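Read through the structure below, which is laid out as structure tokens, and then see the notes.
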Amino acid sequence: MEAVQKTPEREAFYKKIDGQNLSALWNVMNDLITPEPKSACRPHLWKFDDIRAYMNEAGKLITAKEAERRVLVLENPGLRGQSKITTSLFAGVQMVVPGDIAPAHRHSQSALRFVLEGKGAATAVDGERTLMEPGDFVITPSMTWHDHSNETSEPMFWLDGLDIPMVQFFDASFAEGSKEDQQQISKPAGDSFARYGHNLLPVDTKRTSKTSPIFNYPYSHTREALEQAKNSNEWDACHGLKLKFSNPETGDFAMPTIGTFIQLLPKGFKTARYRSTDGTVFAAIEGKGRTRIGEQTFEWGPRDLFVVPSWQWVTHEADVDSVLFSFSDRPVQQKLDLFREDRGNA
Ligand code: 1HN
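Every position in the sequence shown, counted from 1, becomes a number in my numbering once 1224 is added.
Written out as structure tokens, the structure is:
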């Protein structure tokens, strides 16, 4: 579609209607309705070693309690100042050091944690406490009370993913703090996994939440699933071996607004090119390799984080067996009939 010509008469008209809070669609239409996604979001990689060093500095400047959450925000270079890693998602790295208490609060934004480093720090959600280790995927559903603590002798770092920009878009944010720093624990550790993690469901389900009743998907199980499936040697050309975390009650994604995935790329595997409309955040948890996004190549190792914008061609290459965690807004796009993917004929 061609841009509309400017004339003095037209310019005068635009100026006149501008004062009445009106504008001409024919001047903006091409930016609104693009033939394909045109995101301001840019590809980027953050080295975990750099983030850890900055977090340790931050640890000397502010406590978890004063900060509420000691998080460094991963700002997409094309979206600076907006606390966004993609157009629809927030990501940050959180540090919880021995003795820290990140006080209880709740909000309408849903959150995920993907543990990067440390062992045995705890998060409490809705009356249940779970100890975390690297590779664990932990969910904080919308409006559930949550607080974090660390009674071990080593710091813990995790990736936080939240649907903040989506909630912002809908002007639907609610949040509150608690008088108590830590919520009352009313359930034994492992309660949700024991009830829902074994292919058994209550015969008369009364739950109304759209979020999975399992709130810690431990890496030991995730890794076992990948290792077993690996033996069948059925690799997907674009993804290697890719699984989605699912809600056992519905078979849908584990969270209503954020899709979460784990994928294994075996040693020497190079994926066929792939693109999709869901801008995606990746965290390497094991291995070493590189990912080409558009014209750029990013080298990653354990704990490194990178972002792939909507509709950019991606290929991954693994030097050794490698595991990538990822998350995107795919559940929302699919429910709205907006999701598209292109396997480049693979
Ligand atoms: C939050 O509540 C957490 O609970 C982490 O750990 C990151 C980023 C923005 C807003 C709230 C948490 C957050 C957050």
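By construction, the Cβ of each residue, glycine as well, lies at the ideal position given by its N, Cα and C atoms.
All of these numbers come straight from a predicted model, not from anything done at the bench.
Closer than 8 Å by C-beta to residue i: which residues in its own chain qualify, once you throw out the five before and the five after it? Chain order, please.
i, result
"Val1252", "none"
"Pro1322", "Asn1374, Glu1375, Thr1376, Ser1377, Glu1378, Pro1379"
"Ile1325", "Ala1288, Lys1289, Asp1371, His1372, Ser1373, Asp1405, Gln1406"
Output needed for residue i: all residues of its chain with C-beta closer than 7 Å, excluding positions within five of it in sequence on either side, in chain order.
i, result
"Arg1266", "Asn1300, Pro1301, Gly1302, Pro1533"
"Val1391", "Ser1332, Gln1333, Ser1397"
"Thr1474", "none"
"Ile1363", "Leu1336, Thr1435, Ser1436, Phe1439, Ala1478, Met1479"
Can you tell me whether residue i is buried or exposed? The criterion is at least 16 other CB atoms within 10 Å of its CB, across all chains shown.
i, result
"Ile1257", "exposed"
"Pro1365", "buried"
"Lys1308", "buried"
"Ile1438", "buried"
"Glu1510", "buried"
"Asn1374", "buried"
"Gln1520", "exposed"
"Phe1361", "buried"
"Tyr1498", "buried"
"Tyr1278", "exposed"
"Asp1255", "exposed"
"Pro1555", "buried"
"Trp1571", "Here the chain covers residues 1225 to 1570 and nothing more, so residue 1571 does not appear."
"Trp1369", "buried"
"Thr1432", "exposed"
"Arg1353", "buried"
"Gly1483", "buried"
"Leu1562", "exposed"
"Ser1416", "buried"
Might you give, ordered along the chain, the residues of its own chain that have their beta carbon closer than 6 Å to the beta carbon of residue i, omitting 5 neighbours on each side?
i, result
"Glu1378", "Gly1342"
"Lys1468", "Phe1485"
"Gly1525", "Lys1512"
"Lys1434", "Pro1480"
"Ala1399", "His1331"
"Phe1237", "none"
"Arg1514", "Thr1521, Glu1523, Glu1541"
"Trp1250", "Val1228"
Pick from the options: whose alpha carbon is nearest that of residue i?
i, options, result
"Ala1496", "Gly1464, Leu1488, Ala1326", "Gly1464"
"Asp1528", "Asp1371, Gly1283, Ser1550, Ile1409", "Ser1550"
"Gly1351", "Glu1400, Arg1337, Ser1410, Asn1374", "Ser1410"
"Lys1559", "Asp1476, Arg1516, Leu1489", "Asp1476"
"Asp1405", "Phe1237, Asn1457, Asp1371, Asp1255", "Asp1371"
"Leu1340", "Asn1280, Ala1507, Lys1289", "Ala1507"
"Ser1263", "Thr1311, Leu1246, Cys1462, Asn1455", "Thr1311"
"His1329", "Glu1235, Ile1517, Gln1408", "Gln1408"
"Glu1260", "Gly1359, Asp1502, Ala1449", "Asp1502"
"Ser1547", "Arg1564, Ile1286, Lys1491, Thr1504", "The amino acid occupying residue 1547 in the given sequence is Val; Ser does not appear at that position. When only C-alpha atoms are compared, the closest one is Lys1491."
"Phe1272", "Ser1500, Ile1241, Lys1284, Leu1298", "Leu1298"
"Asn1455", "Leu1355, Leu1489, Lys1403, Pro1412", "Leu1489"
- the region 1411-1424 touching the region 1434-1451, judged by at least three CB pairs closer than 8 Å: yes
Please confirm if the region 1372-1386 is in contact with the region 1314-1324, defined as three or more CB-CB distances below 8 Å between the two stretches. yes
> Do the region 1279-1295 and the region 1537-1545 make contact, defined as three or more Cβ pairs closer than 8 Å?
Replying inline: no
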